[in-house]
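*Asks:* Below is a structure I'd like to ask you about.
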Amino acid sequence: GAGVSQTPSNKVTEKGKYVELRCDPISGHTALYWYRQSLGQGPEFLIYFQGTGAADDSGLPNDRFFAVRPEGSVSTLKIQRTERGDSAVYLCASSSGLAGSTDTQYFGPGTRLTVL
Amino acid sequence: AQSVAQPEDQVNVAEGNPLTVKCTYSVSGNPYLFWYVQYPNRGLQFLLKYITGDNLVKGSYGFEAEFNKSQTSFHLKKPSALVSDSALYFCAVRDPDPGGYQKVTFGTGTKLQVIP
Chain A
4 GAGVSQTPSN KVTEKGKYVE LRCDPISGHT ALYWYRQSLG QGPEFLIYFQ GTGAADDSGL
64 PNDRFFAVRP EGSVSTLKIQ RTERGDSAVY LCASSSGLAG STDTQYFGPG TRLTVL
Chain B
5 AQSVAQPEDQ VNVAEGNPLT VKCTYSVSGN PYLFWYVQYP NRGLQFLLKY ITGDNLVKGS
65 YGFEAEFNKS QTSFHLKKPS ALVSDSALYF CAVRDPDPGG YQKVTFGTGT KLQVIP
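Quick note, the sequences are listed as chains A and B, same order.
Note that the working numbering has the first sequence beginning at 4, numbered continuously upward.
Note that the working numbering has the second sequence beginning at 5, numbered continuously upward.
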């Protein structure tokens, strides 16, 4: 079936603006993850959803970042009052979420966010 | 805390030669280990994983990885490199918890350049 999709692929915004990044996981996957990848770095964990609830949001850098997954499928990462330091590629991944599984994560293509 | 080290920022290898991309890890228990590949402007693609059992794991595109518990390593290998293998490779580790979620930690990545 289809993989993880993310929209938009690129987003350019001005400092101080609000942005929303969308992730559509693999159908049936209950676990969803958001990562941020800066140039020359590996993915940095932001938040993990199991179903509709955020099971671990310890990676969110500050309260300007927020994510939702209201129906347990599509997720939106929201960034308020964007700063130039928020510029990065935002990756979404999903996994089966089954207890006891190895829970391999499958990634989307990412959204490249540029804050001017 | 768990961590992953990829000691080489870049690996250059001639086409047709064997390649090795190094990874060492630190985790409190027996690890789950993963390799992902990232092509330019693309998301991460899952290559292979080690959970338990045979220390030599075979994955996609002819890649394999060897788990060495005494050296806490999980090096990625391929007997004969292709130019199309040129990409960014990430090692990742997860502390297994059959009853719940555990965060995946990624390395900083190794750029593989296969020279024709």
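Think of the CB as a built atom: it goes at the ideal place given N, C-alpha and C, for glycine as much as any other residue.
Keep in mind that this is a model prediction, so the values were computed, not measured.
1. Relative to chain A, which residues along the stretch 67-95 of chain B have a C-beta separation below 8 Å, given in chain order?
2. Determine which residues share a DSSP beta bridge with B:K81 and list them.
3. A:Y21 versus chain B: which residues are under 8 Å apart at the beta carbon?
4. Can you pull the DSSP bridge partners for B:Y36?
5. Residues of chain B with a CB under 7 Å from the CB of A:G111: which are they?
6. Residues of chain B with a CB under 8 Å from the CB of A:P46: which are they?
7. Tell whether a beta-carbon distance below 8 Å holds between B:F38 and B:A96.
8. In chain B, which residues lie with their C-beta within 8 Å of the C-beta of A:T107?
9. Check whether the stretch 48-59 of chain B touches the stretch 7-18 of chain B, taking contact to mean three or more Cβ pairs, one atom from each stretch, closer than 8 Å.
10. Determine whether the beta carbon atoms of A:R72 and A:F52 lie at a separation below 8 Å.
11. Quick check: B:V118 and B:V17, are their CB atoms within less than 8 Å of each other?
12. What are the start and end residues of the beta strand (DSSP E) that includes A:L49?
13. Find out if the Cβ-Cβ distance for the pair A:P112, B:G113 is shorter than 8 Å.
14. Quick check: A:A70 and A:I50, are their CB atoms within less than 8 Å of each other?
15. Looking at the structure shown, is B:S88 part of a helix, part of a strand, or coil, going by DSSP?
*Replies:* Result, derived from the coordinates:
1. F94
2. The residue you call residue 81 of chain B lines up with position 77 of the second sequence. DSSP output for B:K81 lists B:T24 and B:E68 as bridge partner(s).
3. The sequence position of residue 21 of chain A within the first sequence is 18, counting from 1. What A:Y21 touches in chain B: nothing, since even the nearest Cβ is about 24 Å away.
4. Locating residue 36 of chain B in the second sequence gives position 32, counting from the first residue. Among the bridge pairs identified by DSSP, B:Y36 is matched with B:R98.
5. Here the question's residue 111 of chain A lines up with position 108 in the first sequence. Simply G47.
6. For the purposes of this step, residue 46 of chain A is identified with residue 43 of the first sequence, where counting begins at 1. Those within 8 Å of A:P46 in chain B are L48, F94 and F110.
7. Looking up residue 38 of chain B in the second sequence gives position 34. Looking up residue 96 of chain B in the second sequence gives position 92. Yes, they are a contact pair.
8. Numbered from 1 along the first sequence, position 104 holds the residue referred to as residue 107 of chain A. Residues of chain B passing the Cβ test: F38, F50 and K53.
9. no
10. Along the first sequence, one-based indexing puts residue 72 of chain A at 69. Along the first sequence, one-based indexing puts residue 52 of chain A at 49. For A:R72 and A:F52, yes; Cβs fall inside 8 Å.
11. Along the second sequence, one-based indexing puts residue 118 of chain B at 114. Along the second sequence, one-based indexing puts residue 17 of chain B at 13. Yes, the Cβ-Cβ distance between B:V118 and B:V17 is below 8 Å.
12. Along the first sequence, one-based indexing puts residue 49 of chain A at 46. E47 to Q53 is the extent of the beta strand (DSSP E) around A:L49.
13. In the first sequence, counting from the first residue as 1, residue 112 of chain A sits at position 109. In the second sequence, counting from the first residue as 1, residue 113 of chain B sits at position 109. Taking 8 Å as the Cβ cut-off, A:P112 and B:G113 do not qualify as a contacting pair.
14. Taking the first sequence and counting its residues from 1, the one referred to as residue 70 of chain A is at position 67. Taking the first sequence and counting its residues from 1, the one referred to as residue 50 of chain A is at position 47. Cβ distance < 8 Å, so A:A70 and A:I50 count as in contact.
15. On the second sequence, residue 88 of chain B is found 84 positions in, with the first residue counted as 1. Looking at B:S88 - three-state DSSP - the assignment turns out to be helix.
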